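Student: My questions all concern the structure below.
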Amino acid sequence: MKHLLSLSGLLASFAALPAFAQESLRIDGLEIIGKPVDGEMGFQPGVTRLATDIHDLDYLILVIITLITVFVTGLILWVAVRYNKKRNPTPASFTHNTPIEIAWTILPIVILVLIGAYSLPILFRQQEIPVADITIKAVGNQWYWSYEYVDEEFGFDSYMIGAPATLSAEDEQAGAVANVLNPAMEAKLAAAGYGRDEWLLATDTSVVVPIGKTIVMQVTGSDVIHAWAMPAFGVKQDAVPGRLAELWFSADKEGVYFGQCSELCGQAHAYMPITVKVVSEAAYAEWLGKAKAEYAGIAQPVTVASN
4 MKHLLSLSGL LASFAALPAF AQESLRIDGL EIIGKPVDGE MGFQPGVTRL
54 ATDIHDLDYL ILVIITLITV FVTGLILWVA VRYNKKRNPT PASFTHNTPI
104 EIAWTILPIV ILVLIGAYSL PILFRQQEIP VADITIKAVG NQWYWSYEYV
154 DEEFGFDSYM IGAPATLSAE DEQAGAVANV LNPAMEAKLA AAGYGRDEWL
204 LATDTSVVVP IGKTIVMQVT GSDVIHAWAM PAFGVKQDAV PGRLAELWFS
254 ADKEGVYFGQ CSELCGQAHA YMPITVKVVS EAAYAEWLGK AKAEYAGIAQ
304 PVTVASN
């Protein structure tokens with residue numbers, strides 16, 4: 004019985020770990036920059052070179068497509084009016100027009116070459132992984148993320164605030180219901196430094212990285228295919244069980260950024276957000292010291308094939 008009670012206490016302490024870690028490792032005072040906003044159009048603010056590249060490419064292609072659409076629509080309208088039956092009772096009949104045929108062959112080639120010349124360097128920049136200042140392993144699970152700071156030898160799990168794993172007995176007594184936004188859940192969000200607008204976005208623990216450093220994320224899955232996506236960074240990588248893929252980013256603005264699992268992964272796919280906090284080097288060093296003390300030596304509960 005004594006050993007059983009000791010084991011129960013140990014398991015309870017591990018279950019409560021995310022709550023303690025959230026309090027001791029919390030970083031306040033950061034602006035929330037990367038998140039979806041109701042009623043707005045366009046991209047989230049790009050804070051990496053990769054994101055601004057994607058935005059520029061999208062704008063270029065949008066301009067090209069708009070010009071083509073306007074030209075073709077105008078041409079159709081002009082032909083419909085100029086050569087209708089009333090104005091052109093005896094239609095002309097011809098089969099070839101060499102200048103036009105040359106033009107509609109060469110012009111699309113030029114447009115495609117222009118798009119390719121602009122987009123290929125962007126693609127290579129995304130896929131050529133630079134030397135990392137910090138390497139972080141992200142493992143997708145149903146339905147949360149596990150992170151490991153590879154060089155520092157510690158890791159932690161990250162759940163959406165409001166997921167069943169984040170609710171304590173006190174939360175339930177206060178009226179909190181898993182995956183339901185109610186006053187008790189709003190209070191839980193507020194206690195973590197978030198508001199109701201961050202519901203379905205905020206997590207109990209966050210990936211913390213320093214500004215301006217090259218971060219390499221090693222991405223895999225433990226069960227089904229997930230995807231680690233952060234719109235403000237311009238990155239998305241499938242997390243495939245048994246495979247270790249990589250992405251990289253270097254954020255140039257401090258703040259809080261939200262992402263989501265972007266691959267349909269089961270019942271609670273919608274409740275699998277990602278939170279990244281970009282901080283100063285001094286704040287990162289302080290957080291890292293606390294994180295090592297909090298997490299170092301704690302065995303990760305899931306072992307994946309890519310370990």
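If you count by my numbering, then the sequence shown holds residues 4 to 310, one letter each, in order. Think of the CB as a built atom: it goes at the ideal place given N, C-alpha and C, for glycine as much as any other residue. Everything numeric in this text was worked out from a predicted model, so none of it was measured.
Tell me PRO244's beta-bridge partners as DSSP assigns them.
Tutor: For the purposes of this step, residue 244 is taken as the residue at position 241 of the sequence shown. DSSP links PRO244 through a beta bridge to GLY224.
Student: Looking at the unbroken alpha helix (DSSP H) that takes in PHE74, where does it start and where does it end?
Tutor: One-based indexing of the sequence shown puts residue 74 at position 71. Start and end: 52–85.
Student: Exposed or buried, PHE261, counting other C-beta atoms within 10 Å across all chains shown (16 or more means buried)?
Tutor: Looking up residue 261 in the sequence shown gives position 258. By the 10 Å Cβ count, PHE261 comes out buried.
Student: Give the DSSP bridge partners of VAL238, in chain order.
Tutor: Start at 1 with the first residue of the sequence shown, and residue 238 comes out as number 235. BP columns for VAL238 point to MET233.
Student: From ALA294 to ILE71, what distance separates their C-alpha atoms?
Tutor: By one-based count along the sequence shown, residue 294 stands at place 291. By one-based count along the sequence shown, residue 71 stands at place 68. In a straight line, the C-alpha of ALA294 is about 54 angstroms away from that of ILE71.
Student: Contact between the segment 250–270 and the segment 57–64: three or more CB pairs below 8 angstroms?
Tutor: no
Student: Can you round the beta-carbon distance between ASN182 and TYR274 to whole angstroms, since I take them to be within the 8 angstroms contact cut?
Tutor: The residue labelled residue 182 in the question sits at position 179 within the sequence shown. The residue labelled residue 274 in the question sits at position 271 within the sequence shown. The pair is a contact, with the Cβ atoms about 6 angstroms apart (cut-off 8 angstroms).
Student: Which partner residues of PRO276 appear in the DSSP bridge assignment?
Tutor: If you number the sequence shown from 1, residue 276 lands on position 273. In the DSSP output, where bridge partners are listed per residue, PRO276 has GLN263.
Student: Can you find the residues in the same chain that come closer than 7 angstroms, C-beta to C-beta, to LEU192, ignoring five residues on each side of it along the sequence?
Tutor: Position 189 of the sequence shown, counted from the start, is the residue given in the question as residue 192. ILE164, GLY198, ARG199, GLU201, TRP202 and ALA205, listed in sequence order.
Student: Have a look at PHE252 and ILE137 and give me their C-alpha separation to the nearest angstrom.
Tutor: Stepping through the sequence shown from its first residue, residue 252 is reached at position 249. Stepping through the sequence shown from its first residue, residue 137 is reached at position 134. Cα to Cα, the separation comes out at about 10 angstroms.
Student: Alpha carbon to alpha carbon, how far is GLY237 from ALA54? Give it in angstroms, no decimals.
Tutor: Residue numbering aside, residue 54 sits at position 51 when the sequence shown is read from its first letter. Residue numbering aside, residue 237 sits at position 234 when the sequence shown is read from its first letter. Going by the C-alpha atoms only, they are around 4 angstroms apart.
Student: For ILE137, report the span of its beta strand (DSSP E) as first-last.
Tutor: Along the sequence shown, one-based indexing puts residue 137 at 134. Segment 137–144, the beta strand (DSSP E) holding ILE137.
Student: Note down, in chain order, each residue of its chain lying with its Cβ closer than 6 angstroms to the Cβ of ILE57, except the 5 sequence neighbours on either side.
Tutor: On the sequence shown, residue 57 is found 54 positions in, with the first residue counted as 1. Once the five neighbours on either side are set aside, the close Cβ partners of ILE57 are GLY237.
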